[in-house]
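These protein sequence lines map, in sequence, to chains L and P. Here our numbering = 1-based position in the first sequence + 229. Here our numbering = 1-based position in the second sequence + 15. All C-beta atoms in this analysis are idealised placements derived from N, C-alpha and C, irrespective of residue type, glycine included. Read the structure below first, then the notes.
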Amino acid sequence: MGESKPRPRPPLPYNMRDVVLPGDAACPGCPIPMGWKVLSAVFGEKMILVIPASCSSVVVGAYPGNSLKASVVHVAFASAGAVASGITEALRRRGINDVQVIAWAGDGGTADIGMASLSGAAERNHDFIYIMYDNEAYMNTGIQRSSSTPYGAWTTTTPIIGKTEHKKDVAKIMIAHGVPYVATASVAYPHDFYAKLQRAKRIHGFKFIHLHAPCPVGWRFDPKYTARIARLAVETGLWVLYEYYDGKLRLSGPSRPYLDPSKRKPVEEYLKLQGRFKRLTPEKIEEIKKYVEWNWEWVKRHM
Amino acid sequence: MTAILEESRGGRILPLTGNYAVAMAAKMARVQVVAAYPITPQTSVIEKLSEYIEAGELEATMIRVESEHSALAATFGAAIAGARAFTATSSHGLLYMHEWVHWTGRARVPIVMAIVTRAIAPPWNIWPDHSDFYDQRDAGWVMGFAMDNQEAFDLTLQAFRISEDPRVYLPVMIGLEGFILGHTTMPVHIPDQEAVDEWLGPRRQGFVIDGSEPLAHGNLAWPEDTEEMFMDIHRAMMEAKSVIREVDEEYYRITGRRYGGLTQCIRCSDAKYVVSSMGAWSGDIMEAVEKLRGEGYPVGVLRFRFIRPFPEEDVAEHLAGKKLVVVFDRAISFGSMGQLFMETVAHLAKHTGKLPVLRNIVAGVGGVNVEWREFYELIKDSIDRFEEGGELEYFTWYHKARR
Ligand SMILES: Cc1ncc(C[n+]2csc(CCOP(=O)(O)OP(=O)(O)O)c2C)c(N)n1
Ligand code: SF4
Ligand SMILES: [Mg+2]
Numbered sequence: 230m231g232e233s234k235p236r237p238r239p240p241l242p243y244n245m246r247d248v249v250l251p252g253d254a255a256c257p258g259c260p261i262p263m264g265w266k267v268l269s270a271v272f273g274e275k276m277i278l279v280i281p282a283s284c285s286s287v288v289v290g291a292y293p294g295n296s297l298k299a300s301v302v303h304v305a306f307a308s309a310g311a312v313a314s315g316i317t318e319a320l321r322r323r324g325i326n327d328v329q330v331i332a333w334a335g336d337g338g339t340a341d342i343g344m345a346s347l348s349g350a351a352e353r354n355h356d357f358i359y360i361m362y363d364n365e366a367y368m369n370t371g372i373q374r375s376s377s378t379p380y381g382a383w384t385t386t387t388p389i390i391g392k393t394e395h396k397k398d399v400a401k402i403m404i405a406h407g408v409p410y411v412a413t414a415s416v417a418y419p420h421d422f423y424a425k426l427q428r429a430k431r432i433h434g435f436k437f438i439h440l441h442a443p444c445p446v447g448w449r450f451d452p453k454y455t456a457r458i459a460r461l462a463v464e465t466g467l468w469v470l471y472e473y474y475d476g477k478l479r480l481s482g483p484s485r486p487y488l489d490p491s492k493r494k495p496v497e498e499y500l501k502l503q504g505r506f507k508r509l510t511p512e513k514i515e516e517i518k519k520y521v522e523w524n525w526e527w528v529k530r531h532m
Numbered sequence: 016m017t018a019i020l021e022e023s024r025g026g027r028i029l030p031l032t033g034n035y036a037v038a039m040a041a042k043m044a045r046v047q048v049v050a051a052y053p054i055t056p057q058t059s060v061i062e063k064l065s066e067y068i069e070a071g072e073l074e075a076t077m078i079r080v081e082s083e084h085s086a087l088a089a090t091f092g093a094a095i096a097g098a099r100a101f102t103a104t105s106s107h108g109l110l111y112m113h114e115w116v117h118w119t120g121r122a123r124v125p126i127v128m129a130i131v132t133r134a135i136a137p138p139w140n141i142w143p144d145h146s147d148f149y150d151q152r153d154a155g156w157v158m159g160f161a162m163d164n165q166e167a168f169d170l171t172l173q174a175f176r177i178s179e180d181p182r183v184y185l186p187v188m189i190g191l192e193g194f195i196l197g198h199t200t201m202p203v204h205i206p207d208q209e210a211v212d213e214w215l216g217p218r219r220q221g222f223v224i225d226g227s228e229p230l231a232h233g234n235l236a237w238p239e240d241t242e243e244m245f246m247d248i249h250r251a252m253m254e255a256k257s258v259i260r261e262v263d264e265e266y267y268r269i270t271g272r273r274y275g276g277l278t279q280c281i282r283c284s285d286a287k288y289v290v291s292s293m294g295a296w297s298g299d300i301m302e303a304v305e306k307l308r309g310e311g312y313p314v315g316v317l318r319f320r321f322i323r324p325f326p327e328e329d330v331a332e333h334l335a336g337k338k339l340v341v342v343f344d345r346a347i348s349f350g351s352m353g354q355l356f357m358e359t360v361a362h363l364a365k366h367t368g369k370l371p372v373l374r375n376i377v378a379g380v381g382g383v384n385v386e387w388r389e390f391y392e393l394i395k396d397s398i399d400r401f402e403e404g405g406e407l408e409y410f411t412w413y414h415k416a417r418r
């Protein structure tokens with residue numbers, strides 16, 4: 230055995246449990262604590278999470294318990310952006326600058342009911358991080374369609390035909406706001422998410438991160454496959470990991486190979502593991518493939 | 016001016032609209048964050064505050080939000096994070112933020128909000144009544160209402176003290192009618208800033224979420240825990256009555272003005288008949304009552320300065336044992352009666368087995384102007400008919416058609 234060189238301490242999984250305590254109220258395989266653990270590693274206790282009505286409101290745990298050893302402000306469904314704005318400005322007024330304010334909202338609380346509040350906060354460029362964890366439906370109320378639900382997906386409000394529209398792409402909307410930092414991330418790539426949070430932490434102004442978060446309950450897959458499905462979304466090119474700042478899109482490491490379409494896995498591999506896509510016709514799968522191509526064209530144009 | 020200027024304690028007198036009086040009070044309370052959205056007739060409150068801030072006269076952050084829902088949400092955010100925070104709105108703005116009116120009340124976060132009242136559409140109408148204000152009754156806010164610009168100033172300033180009192184820790188809203196007060200200039204006495212600073216003190220709140228320690232607020236709670244929290248709000252509300260009276264007294268020290276607590280009763284002690292009201296038109300009612308007194312009618316006025324907490328002790332003291340009580344309402348719960356009337360009667364019934372003859376007159380809804388002379392006629396007619404033993408309608412909607 231040779232002499233072991235001291236290696237740099239990898240950022241994860243250290244400190245992932247500092248904030249995220251065992252015993253939350255999440256379903257097995259839930260992506261929410263997966264995301265929080267990365268926040269924990271970056272910010273520790275020194276963060277204030279602003280959480281609108283969503284699965285996260287429940288996962289935190291019931292009073293007087295609390296599964297997060299950080300500060301949490303629960304807020305009305307449409308208001309994550311606005312409350313985070315107010316907290317951020319109050320802290321600034323009070324000269325407190327070692328605490329990270331994070332709006333942690335679902336796709337419904339972001340892409341739908343919270344869109345105005347998000348857009349307002351982005352336009353005013355308040356100095357906080359907005360994370361949209363995207364489980365692609367209203368899960369808390371029992372799997373109803375949101376504007377972020379993908380084309381073809383079954384939900385309880387698209388029960389027979391499936392969703393007939395493509396996903397609303399909130400990251401693009403945020404890029405159009407001209408905010409200092411926009412990124413996409415995935416619960417399957419914690420190191421990538423970690424690096425993005427680290428960058429966001431150093432940038433002053435409004436930061437938006439769109440976190441892909443497969444939900445076993447709503448997407449109808451075995452809870453042990455959350456990370457696998459999240460990874461397949463990237464490997465099939467359906468979900469593209471990037472950062473956008475200084476007017477340029479930078480493809481993130483895990484997504485780089487898939488700039489080349491021949492490297493991508495067939496989307497069917499991603500779709501077939503999920504019950505919500507069970508009834509997809511071949512035509513609909515073609516439509517999804519077209520969407521993937523179209524999205525990559527957009528990515529290339531902005532690189 | 017009906018504020019009782021017993022002695023001057025320094026300060027200065029400025030001609031101010033009701034809205035500017037409110038803005039001045041917020042400035043003198045040294046608010047740190049204001050989040051607001053324009054709506055007639057409130058707009059000039061936040062315009063004035065923006066001016067104070069940009070001119071460097073007030074060290075505060077103005078969050079120019081994209082809606083009223085966000086206005087109160089951001090005000091809540093600032094307040095829960097330890098800042099003295101203020102907002103103002105009217106009518107549709109108030110309705111739009113209604114979800115947050117409840118959220119802030121139930122969260123026990125001290126906030127002050129001015130409501131420059133305005134009718135609710137449709138049809139579009141910017142004139143004042145009390146419908147928007149009454150719509151917020153059940154949300155856990157202390158609710159005061161001014162009669163003139165001086166009181167709009169005084170109540171707004173007092174609201175910060177009441178809201179931040181540890182026995183209360185509830186948000187406070189102060190109503191004033193748009194245009195009638197909001198845009199009408201009257202002389203307003205402004206105390207010295209040092210006196211206000213000393214009287215008001217620094218920001219106080221029950222808990223603060225600023226990252227100094229991990230703290231969660233609003234977690235899902237079981238029914239029993241939830242009910243306990245709401246019972247606490249009710250208790251705090253009941254405590255607020257004595258706090259409001261104390262604050263009124265202490266305010267007297269720095270301004271020489273006091274109003275009598277939650278209500279103001281004029282000519283009540285020897286009155287056989289009492290007229291009850293809230294808001295700017297109480298001044299007209301008082302004028303009418305003075306004239307009737309001159310004609311020998313033993314009539315007084317009970318003016319509500321606060322409806323939450325509801326001043327039931329004042330109602331018992333001033334209305335129990337009277338012969339006739341007429342309540343003027345500037346709003347209606349469609350299909351029922353005026354809100355002030357309903358509450359007055361419900362609380363009065365708790366304190367007396369023998370209710371006076373009661374009458375509810377709804378008027379001025381949609382901003383219809385009611386002049387002192389009309390009050391004079393309405394009150395005189397009520398008393399005359401009562402004395403003659405005639406029939407007196409329990410409920411009347413007094414309406415004059417547009418000429
Ligand atoms: C104003 C309002 N409308 C509706 C609801 C009901 N509601 C609570 S959570 C939720 C869905 C949340 O969906 P999303 O933001 O995607 O978060 P998820 O539950 O999927 O994590 C809905 C519709 C509410 N709380 N408030
Ligand atoms: S429904 Fe999905 S997102 Fe919600 S708690 Fe369960 S696993 Fe998590
Ligand atoms: Mg969702």
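On the CB-based measure, 16 or more other CB atoms within 10 Å of its CB, does P:W118 come out buried or exposed? buried
Heavy atom of ligand 2 less than 6 Å from the Cβ of L:C444, yes or no? yes
Ligand 1 heavy atom lying under 6 Å from the CB of L:S308: no
Grouping DSSP H, G and I as helix and E and B as strand, with all else coil, what is L:P511? helix
To the nearest angstrom, report how far apart L:V399 and L:T339 are at their CA atoms. 8 Å
Does the pairing of the stretch 313-324 of chain L with the stretch 342-360 of chain L give three or more beta-carbon distances under 8 Å? yes
Sequence ranges, beta strand (DSSP E) only - wholly within the stretch 444-477 of chain L, length at least 3: 471-474
I'd like to know whether the C-beta atoms of P:G193 and P:R133 end up nearer to each other than 7 Å. yes
Contacts that L:R508 makes with chain P (C-beta to C-beta distance below 7 Å): Under the 7 Å cutoff, chain P gives no residues; its nearest Cβ is about 34 Å from L:R508.
Does chain L have any CB closer than 7 Å to the CB of P:D240? yes
Whole angstroms is fine: what's the gap from P:P30's alpha carbon to P:L370's? 44 Å
With 16 other CB atoms within 10 Å as the buried threshold, where does P:A364 fall? exposed
Taking the DSSP output, what are the residues bridged to L:A414? L:L440
Counting only the same chain and skipping the five closest in sequence on each side, list residues whose C-beta sits under 6 Å from that of P:V80. A50, Y52, A86, A89
Can you have a look at P:P56 and say buried or exposed, based on whether 16 or more other CB atoms are within 10 angstroms of its CB? buried
Looking only at its own chain, which residues have a Cβ that is under 7 Å from the Cβ of L:R374, when we skip the five neighbours before and after it? A366, T384, T386, T387, K392
Heavy atom of ligand 3 within 6 Å of L:G335 beta-carbon: yes
Tell me the residue span of the beta strand (DSSP E) that contains P:M188. 187-192
Assess, as a yes-or-no matter, whether the stretch 307-321 of chain P is touched by the stretch 282-292 of chain P under the definition of 3 or more beta carbon pairs within less than 8 Å. yes
Roughly how many whole angstroms lie between the Cα atoms of L:K396 and L:R505? 15 Å
Top-ranked residue by Cα proximity to P:H414, from P:D329, P:E328, P:A378, P:H198: P:A378
Taking only runs of the alpha helix (DSSP H) that begin and end inside the stretch 349-388 of chain P, which ones reach a length of at least 4 residues, in chain order? 354-366
Under the three-state DSSP convention, the category P:R218 falls into: coil
Count the CB pairs spanning the stretch 492-509 of chain L and the stretch 457-477 of chain L that are closer than 8 Å, and state whether there are at least three. yes
Can we say the stretch 99-109 of chain P touches the stretch 285-299 of chain L, given the rule of at least three CB pairs closer than 8 Å? no
Nearest to P:Y184 by CA position, among P:V124, P:E242, P:Y149, P:I68, is which residue? P:V124
Within 7 Å (strictly less), CB to CB, does L:R322 reach chain P? yes
Contact under 7 Å by Cβ, L:R322 with P:Q47: yes
Closer than 6 Å by C-beta to L:C259: which residues in its own chain qualify, once you throw out the five before and the five after it? Chain order, please. none
For P:W412 and P:R323, I'd like the C-alpha separation in whole angstroms. 25 Å
Output needed for P:L393: all residues of its chain with C-beta closer than 7 Å, excluding positions within five of it in sequence on either side, in chain order. I376, Y413
Output needed in chain order: residues of the stretch 267-289 of chain L with a Cβ under 8 Å from some Cβ in chain P. E274, K275, M276, I277, V279, S286, V287, V289
Take the Cβ of P:H84 as the centre, count every other Cβ of all protein chains shown within 10 Å, and call the residue buried at 16 or more, exposed below. buried
Counting contacts by CB-CB distance shorter than 7 Å, is P:E21 in contact with chain L? Here the model assigns P:E21 a pLDDT of 43, short of 50, so the residue's position is not dependable and the matter cannot be decided.
Could you spell out where the beta strand (DSSP E) holding P:A51 opens and where it closes? 48-51
Using 10 angstroms around the beta-carbon of L:H420, count the other beta-carbons present and answer buried if the total reaches 16, otherwise exposed. exposed
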